[in-house]
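Colleague: Have a look at this one before I ask anything.
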Amino acid sequence: MDYLAELNERQREAVLYTEGPLMIIAGAGSGKTKVLTTRIAHLMKKGVDAFNILALTFTNKAAREMKERVEKILGGTEARNLYIGTFHSVFARLLRAEATRLGYPSNFTIYDTDDAKSLLKTIVREMNLDEKQYKPSFVLNRISSAKNGLISYAEYHEDFQLRQEDQRANRPLISKIYESYVKRCFKNGAMDFDDLLFNMHALLTRFPEALVKYQHKFKYILIDEYQDTNAAQYAIIKLLGAVHENICVVGDDAQSIYSFRGATIKNILQFEKDYDDVKVVKLEQNYRSTQSILKVANEVISNNKMQIPKELWTDNIHGEKIILMRTATDNDEGRFVAETISEQKLRNHFHENEFAILYRTNAQSRSMEENLRRKNIPYRIYGGVSFYQRKEIKDLVAYLRLIVNPQDEEALRRIINYPARGIGKTTLEKASVLAAQHNITLWQVLEKPASFGFRSATLQVIESFVYMIKSFQVMLEKHNAYDVAFRVGKETGLVKELFVDKSTEGITRYENIQELLNSIKEFTETPTEEGELLDKRLGSYLQQITLLTDADQDEHDQDVVRLMTIHAAKGLEFPCVFVVGMEETLFPNAMAINTREDLEEERRLFYVAITRAKSKLWLTFTSNRYRFGNLMQNDPSRFLKEIPKDHLDENYAGRAITEPVYRTERYPDSRQQNTPAAASVSGLGNGSAAAKRIPVHVPSENFKPDDPSTFEAGMEVEHQKFGFGKILRLEGNPNNRIATISFRQAGEKKIMLNYARLQITHNEEAG
DNA sequence: TTAGGCGCTGTTTTT
DNA sequence: CAGCGCCTAA
């Protein structure tokens, strides 16, 4: 029982309380994963069969880590029999086994967000609705939250409130689109992410035998990140656990950051009411961060009204103050981070992999990336476009999907004319109409094109396309997934097309395809538990990759700086953390400041960001940031004011204000060079919009920008783009001066001197 | 049928 | 700024 010795008293209590409902409120860094894994190991040591334990997480990575750690405690291979995985992947697996009950093929396709949007787009088009009014992302959001709330399209249709919301938003037909979307997915043999939850719930409620079967199978259920569960997940867990009631949920209300995905803290608050004797254990000792960091985190989160009272504490050293840095531009912010990393590596012997740069939105990675590259600091960006979402990967995967499931219309549409084979829009449209008329799938139309009267040239290309796909399907019987994928790449001409393209991106795309083929090979060579059939193995490969994100590709030993959104950083920890973009409208995000609930979620997000740091934490913000292609000025984030002053080192922020701003000569910034007009301040003048209409000024031969600090009112100046003009007046603080200049051609403009490249042509005072 | 150019529009977070 | 839809030319 030595595994128990490593636990503190509270942790041990949580591990040993094995029977009956248990809720663990686990603060950040309090050893939550350790408790969960030890608990599972303990159950197994007590004689519980691994097959009877279900553990659900939100990321594959968390699941894998859990599995590995249990394996380590137990030794042997028993841990492999545990059902540990994400909600989505575990349910996908169960649904695959039970698919026929619901009328789905067992090798159903899983649609990712792109597939779903693309299908919605075709549906909206087919319904002759305005595509701007019913934008796929908007419609998908509506449908998604309905499904996550377990509201079927029929119920949606009857729901007064939902209908009214749609009316008010001038999108009254959402419920109709919802209905066709569901029907079409079903026809395509496809489920989207939300369907994996919705249909799992449907399975358990509509088929009592299935419910009973799984209720008895999963005698012990553990749920990680319970604060992030939504109504569907909540209901499923409740159903599954109803017989044994051995449900252990772990969560931290302070880290609930997924309400936009339907998650609700209510599930945590509700838990105690759902069962008669709920044992609650609070883990409040933090093993991760310095006292300083923890104090700041506690202080910040205390501004939230909605929370379960608790106070995280730690035995760790006090540590250093948190450093606040202000820069002039987003590019400077990136440079500061890159320079600080270099400096810290030298001074404190940190490795690259001890740093993380966290931001609110993916778009912010760019300025970081550019500056890290400039300083030759190796890095890796998580999120954004994941490997499996890249075009070239999706193209090849679409072929594989179609081979496994010819009903999959999205896959078919994607590749029917890629590489180009003369089946264009007209043909596809005709086929779609026919499919709808005869109530068959698109594929079924293409299978018998002769009976639908296509022109003979078209007929021929369709037939050879179908023949090709069918020949791949035949291959499935005797060849493994890799052989099929390889042949597909070759015979469709897809690989060749990428090989011929020798541009940088073309080479990357080619390499990506090779990487995909390698991963398929690896998959085929790793035996699966139940020795499933070969075609099923390609099917299961496809199911699995749709649920992968690129956080799952992490090789943790890689010595690189990690860049990711705060959302993606949840559950991770780093010795040194930069939280960048601490500005109003960005963080808290402008989309999330209108209600207390939203704002509190932003604050929890900030709390998550702070608590990722073990020993050093930097917060940065910038006065000027490019957004939407023009320069925006933001105030410092309100959250900064919530940090206790004695834990915050503001020297750097101060220095940045009094020091001259980094000059463009020293660090050329491509954006500024290419578009000098972008330097005019949007919102102040009629800057960039007007700039487009002005005839381009050709700068003088010996044009050389002068030091901005030397400019004064009354000077005659030349601007690279706006031409000659005179400074009327200057305003703004000394380091961010804004000049109003009257240009001969371009008229009156407000120009930020730090960015504009201006040359003095005549000095009134001197001359 | 396809490629290429122009103009509009939008940026939150993700399984 | 970028990605996408729409239009035009070939």
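Residue numbers (this note's numbering): 462 to 1228. C-beta: ideal position from N, C-alpha, C; glycine also. Keep in mind the model is a prediction, meaning the values are calculated, not measured.
So, residue 974 versus residue 959, is the Cβ gap smaller than 8 Å?
Modeller: Yes, the pair counts as a contact, with Cβ atoms nearer than the cut-off.
Colleague: What does the Cβ neighbour count give for residue 433, buried or exposed, with the cut at 16 atoms within 10 Å?
Modeller: The structure shown has nothing for residue 433, since the chain only spans 462 to 1228.
Colleague: If I measure Cβ to Cβ from residue 1063 and keep anything under 6 Å in the same chain, skipping five residues before and after, which residues do I get?
Modeller: Result list for residue 1063: 1049, 1053, in chain order.
Colleague: Residues in the same chain with beta-carbon distance under 6 Å from residue 1123, minus the five sequence neighbours each way, listed in chain order, please.
Modeller: For residue 1123, the pLDDT reaches just 34, beneath the cut-off of 50, and the residue's location in the model is therefore unreliable, although a value from the coordinates is still provided. Result list for residue 1123: 793, in chain order.
Colleague: How big is the Cα-Cα spacing for residue 1120 and residue 787?
Modeller: Note on residue 1120: pLDDT 37, under 50, position unreliable in the model; the coordinate value appears next. Spanning the two alpha carbons is a distance of roughly 11 Å.
Colleague: First and last residue of the beta strand (DSSP E) that includes residue 712?
Modeller: First-last of the beta strand (DSSP E) with residue 712: 708 to 712.
Colleague: Might you give, ordered along the chain, the residues of its own chain that have their beta carbon closer than 7 Å to the beta carbon of residue 755, omitting 5 neighbours on each side?
Modeller: Correct list, in chain order: 747, 773, 775.
Colleague: Short check: CB of residue 516 to CB of residue 544, under 8 Å?
Modeller: Yes, these two residues count as a Cβ contact at 8 Å.
Colleague: Touch check for the region 762 to 771 and the region 1020 to 1030: three-plus C-beta pairs under 8 Å?
Modeller: No contact exists between the region 762 to 771 and the region 1020 to 1030.
Colleague: Using the Cα positions of residue 809 and residue 816, report the straight-line distance between them to the nearest angstrom.
Modeller: Using only the alpha carbons, I get a separation of about 12 Å.
Colleague: Flag this pair as yes or no: are the beta carbons of residue 700 and residue 683 separated by less than 8 Å?
Modeller: Their beta carbons are not under 8 Å apart, which means residue 700 does not touch residue 683 by this criterion.
Colleague: So the alpha helix (DSSP H) residue 936 belongs to, where does it begin and stop?
Modeller: Counting along the chain, the alpha helix (DSSP H) containing residue 936 begins and ends at 917 to 939.
Colleague: Could you give the uninterrupted runs of the beta strand (DSSP E) lying entirely in the region 662 to 691, keeping only those of 3 residues or more?
Modeller: The qualifying runs are 681 to 684.
Colleague: Taking 6 Å as the limit between beta carbons, can you name the residues of its chain near residue 723, skipping five residues before and five after?
Modeller: Result list for residue 723: 606, 609, 691, in chain order.
Colleague: Based on DSSP bridge pairs, tell me the residues matched to residue 1239.
Modeller: What the structure shows of the chain is the stretch from 462 to 1228, and residue 1239 is not part of that stretch, so it cannot be assessed.
Colleague: Indicate the three-state DSSP secondary structure (helix, strand or coil) for residue 866 in the structure shown.
Modeller: Correct three-state label for residue 866: coil.
Colleague: If you pair each beta-carbon of the region 855 to 867 with each one of the region 621 to 639, do three or more pairs fall below 8 Å?
Modeller: These segments do not touch.
Colleague: My parser needs the alpha helix (DSSP H) runs of 4 or more residues fully inside the region 586 to 664; what are they?
Modeller: Runs of the alpha helix (DSSP H) inside the region 586 to 664: 597 to 609, 614 to 619, 621 to 629, 635 to 648.
Colleague: Report buried or exposed for residue 521, applying the criterion of at least 16 other Cβ atoms within 10 angstroms of its Cβ.
Modeller: Flag for residue 521 reads buried.
Colleague: Roughly how many angstroms separate the alpha carbons of residue 812 and residue 841, rounded to a whole number?
Modeller: Rounded to whole angstroms, residue 812 to residue 841 spans 14 Å at the Cα level.
Colleague: For residue 576, which of helix, strand or coil comes out of DSSP?
Modeller: Three-state DSSP puts residue 576 in a helix.
Colleague: Within 10 angstroms of the Cβ of residue 867, are there 16 or more other Cβ atoms? Answer buried if so, exposed if not.
Modeller: Its Cβ being crowded by 16 or more others within 10 Å, residue 867 is buried.
Colleague: So residue 657 packs on residue 549, CB below 8 Å; how close in whole Å?
Modeller: Right, the Cβ-Cβ distance comes to about 5 Å (below 8 Å), so this counts as a contact.
Colleague: Alpha helix (DSSP H) containing residue 1051: first to last residue?
Modeller: No alpha helix (DSSP H) holds residue 1051; DSSP gives it neither H nor E.
Colleague: Between the region 487 to 505 and the region 462 to 476, can you find at least three pairs of beta-carbon atoms closer than 8 Å?
Modeller: Yes, the region 462 to 476 is in contact with the region 487 to 505.
Colleague: Could you give the first and the last residue of the continuous alpha helix (DSSP H) run that contains residue 533?
Modeller: Counting along the chain, the alpha helix (DSSP H) containing residue 533 begins and ends at 521 to 535.
Colleague: Taking C-alpha atoms, which residue in 622, 565, 631, 559 lies nearest to residue 591?
Modeller: It is 631.
Colleague: Under the assumption that residue 556 contacts residue 642 (Cβ atoms under 8 Å), give the Cβ distance between them as a whole number of angstroms.
Modeller: Their Cβ separation, rounded to whole angstroms, is 18 Å, which puts residue 556 and residue 642 out of contact at 8 Å.
Colleague: What do you get for residue 536, buried or exposed, if any count of 16 or more other CB atoms within 10 angstroms of its CB means buried?
Modeller: So residue 536 counts as exposed.
Colleague: Inspect the CB distances between the region 912 to 931 and the region 879 to 887 and report whether three or more fall short of 8 Å.
Modeller: A contact exists between the region 912 to 931 and the region 879 to 887.
Colleague: Grab me the residues of residue 910's own chain with a C-beta within less than 7 Å of its C-beta, minus the 5 sequence neighbours each way, in chain order.
Modeller: Same-chain partners within the cutoff: 920, 923, 924.
Colleague: Taking the alpha carbon of residue 479 as the point to measure from, which residue in 496, 829, 1067 has its own alpha carbon closest?
Modeller: Nearest C-alpha to residue 479: 496.
Colleague: Could you please give me the residues that DSSP links to residue 1044 through a beta bridge?
Modeller: In the DSSP output, where bridge partners are listed per residue, residue 1044 has 1097.
Colleague: What residue from 800, 598, 894, 752 has the CA that sits closest to residue 835's CA?
Modeller: Of 800, 598, 894, 752, the residue nearest in Cα terms is 800.
Colleague: Using three-state DSSP, classify residue 762 as helix, strand or coil.
Modeller: Correct three-state label for residue 762: helix.
Colleague: Buried or exposed, going by whether 16 or more other CB atoms sit within 10 Å of the CB of residue 1153?
Modeller: Residue placement at residue 1153 cannot be trusted, given a pLDDT of 28 that sits under 50; the coordinates are not used to answer.
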